[in-house]
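Chains A and B supply the protein sequences, listed in that same order.
The opening position of the first sequence corresponds to residue 374 in my numbering, with each subsequent residue numbered one higher.
The opening position of the second sequence corresponds to residue 374 in my numbering, with each subsequent residue numbered one higher.
There are 2 protein chains.
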Amino acid sequence: MNKNYLAARQNFIAQWGAMGSAWGINKTMAQIHALLMISPAPLNTDEVMDELDISRGSANTNLRELVNWGLIRPVLQKGERKEYFESEKDVWKMFCCIARERKRRELDPIVAALEGCRQQTESLSDAHSREFTKTVGELLDFVGVVSGALEKIGRSEQSIVLPMMLKLMQ
Amino acid sequence: MNKNYLAARQNFIAQWGAMGSAWGINKTMAQIHALLMISPAPLNTDEVMDELDISRGSANTNLRELVNWGLIRPVLQKGERKEYFESEKDVWKMFCCIARERKRRELDPIVAALEGCRQQTESLSDAHSREFTKTVGELLDFVGVVSGALEKIGRSEQSIVLPMMLKLMQ
DNA sequence: CATATTTTTCAAGTAATTCTGAAAATTTTA
DNA sequence: TAAAATTTTCAGAATTACTTGAAAAATATG
């Protein structure tokens, strides 16, 4: 196998892992995702372990989590007992998956929590409480709009998202 | 001070901190931000330390970082030697700040890195290299569009962003 | 310019997260 | 259904990220 190619692969996997960390995603999970994105064929757990030099436990846990996110899927290989995995290759579909999951996991709970905060003070009439209720209300409106946008993106076909984004950019 | 109000404050600060963690932002930094968002008046380092029960070192570092992000600003109080801080209160301006900084800190480096990866293989003609170059190219296009959108948002007045987002939602 | 006040820095300590590896559980095969 | 193959789990180890607190640096005051 070409040396430049192998070096570029390693580089790409390392960079994608670093990017994952910056965005609150576990480094190993991001690296497995990178590996499967550039892998021409599906890989099984042992192949992932060997390529990335990680333990079986970590490989299994992170592969499972990527399946939960909908970023990779298990595929059965004929005449094989082991489970193989392949990545979603369409970057816009990937983006939709991430939008859907982050909304569900991170935005929905904060909306619920902020609503709880606001309820605690909305019947109070002193100046401080009213100010607080107003600020929390503005944040709720904001998170609601973002949440709605992600909801829409998460339900979209990738084909709808690109034109929207391009429009957003003018 | 009203008990419900104080409880709601504490609750809000805790929730905003938890949300920060989910989005790759240091919990204490998010809590300081929450505190300043709901504080009617600017606060100094000692007040932040007392309210959140954190050390001087942590308060100083995280306040400074919030200033770097543009989410809070130092303000001088007449007849005071200590430095006071107040939060940007407009949530859409806050969103623009975050878009601008995350693009600069996290997207720009990954674009540079991916371009490096692609350069390593774009002159290679074997099937694997060509496939790799294609995948990395698609990711670059994608990150480029997202980066452009954030760039636009980061340069915007908040007033432009809300209608765009609402349109995005239909 | 000496003193008091405030801010910054950073080595060491603490907390949170992630990984490892082997045992247990599950699934497949014959 | 027993044996082999595979996957899952989880306690402890390793790593990473964050905080503390005191000393040093910077700034303001008289």
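Here a beta-carbon is modelled for each residue, glycine too, at the ideal position from N, C-alpha and C.
(Q) Counting C-beta neighbours from all protein chains within 10 Å, is the total for A/E461 16 or more, i.e. buried, or is it exposed? (A) Burial check for A/E461: the Cβ neighbour count within 10 Å reaches 16 or more, so the residue is buried.
Q | Rounded C-alpha distance that separates A/F468 from B/S412 | A | Their Cα atoms are separated by approximately 37 Å.
(Q) Using the three-state DSSP reduction, which class does A/P536 fall into: helix, strand or coil? (A) Of the three classes helix, strand and coil, the one that applies to A/P536 here is helix, per DSSP.
Q) Does B/R413 come within less than 7 Å of chain A when only Cβ atoms are used? A) Note on identity: in this sequence residue 413 of chain B is Pro, with Arg being the wrong assignment. With 7 Å as the cut-off, B/P413 counts as an interface residue toward chain A.
Q: Could you list which residues in chain A have their beta carbon closer than 7 Å to that of B/I483, in chain order?
A: The contacting residues are Q388 and M392.
**Q.** Cβ pair A/K451, A/E524 closer than 7 Å
**A.** Contact: no.
Q. Can a CB atom of chain B be found closer than 7 Å to the CB of A/C470?
A. It does not; no Cβ of chain B falls within 7 Å.
Q.
Helix, strand or coil, according to DSSP, for B/I427 in the structure here?
A. Correct three-state label for B/I427: coil.
Q) Where does A/L408 land, buried or exposed, given buried means 16+ other C-beta within 10 angstroms? A) The C-beta of A/L408 has 16 or more other C-beta atoms within 10 Å across all chains shown, which makes the residue buried.
Q. Are the C-beta of A/N441 and some C-beta of chain B separated by less than 7 Å?
A. With 7 Å as the cut-off, A/N441 does not count as an interface residue toward chain B.
Q. Distance, Cα to Cα, B/V509 vs B/S520?
A. Taking the straight line from one Cα to the other gives about 16 Å.
(Q) Cutting at 7 Å between CB atoms, please list the residues of its own chain near A/E438, excluding the five before and the five after it. (A) Result list for A/E438: M402, in chain order.
Q | Extent of the continuous beta strand (DSSP E) run through A/S502 | A | Note, A/S502: premise wrong, no beta strand (DSSP E); alpha helix (DSSP H) at A500 to R528.
Q. How many angstroms separate the CA atom of B/L535 from the CA atom of B/T506?
A. Their Cα atoms are separated by approximately 37 Å.
Q | Coarse secondary structure for B/L416, derived from DSSP in three states | A | Here DSSP, grouped into helix, strand and coil, assigns B/L416 to strand.
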